[in-house]
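Here the structure is laid out as structure tokens; the discussion comes afterwards.
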Amino acid sequence: MSELEQLREKILQFRDERNWQQFHNPKDLALSLSLEASELLELFQWKTSEEAVEKNLDKMKDELADVLIYAILFANETGIDISSAVVEKINKNNLKYPIEKSYSNKAKYTSF
540 MSELEQLREK
550 ILQFRDERNW
560 QQFHNPKDLA
570 LSLSLEASEL
580 LELFQWKTSE
590 EAVEKNLDKM
600 KDELADVLIY
610 AILFANETGI
620 DISSAVVEKI
630 NKNNLKYPIE
640 KSYSNKAKYT
650 SF
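Using this note's numbering, the letters of the sequence shown map in sequence onto residues 540 to 651.
Structure follows, in structure tokens:
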């Protein structure tokens, strides 16, 4: 069993012990994922990147964990295989961002 699958099992056990699956539909999980990502982003407000990390690393760890938990729950409820989805997306990005055009270039692929 992969580490990702082990994480999924732990998350589902936690959820099921509390009978929360009834609240975990794709819409509400996507909304929760966005809210947790916003809480992570809020830790950077009015600070440089370096200041934010220095002052909030423990909080960032918690918020990132929440983001990942909701992403895993969303994938579970929709039947998305996260590993396959990530590999497929990297393959798409390889086509959009060929090394010779994107190396050290932060521009969006539509600008190439």
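Ideal placement from N, C-alpha and C gives every residue a C-beta, glycine not left out.
In the DSSP assignment, I550 falls within the unbroken alpha helix (DSSP H) covering E542 to E556.
Fully enclosed alpha helix (DSSP H) runs of no fewer than 4 residues occupy 565-581 and 588-617 of the region 549-618, in order along the chain. Three or more beta-carbon pairs separated by less than 8 Å link the region 602-612 to the region 545-557, which places the two stretches in contact. E593 counts as exposed, since fewer than 16 other C-beta atoms from the protein chains shown sit within 10 angstroms of its C-beta. With respect to the C-alpha of K598, the residue from E639, L607 and L582 having the closest C-alpha is L582.
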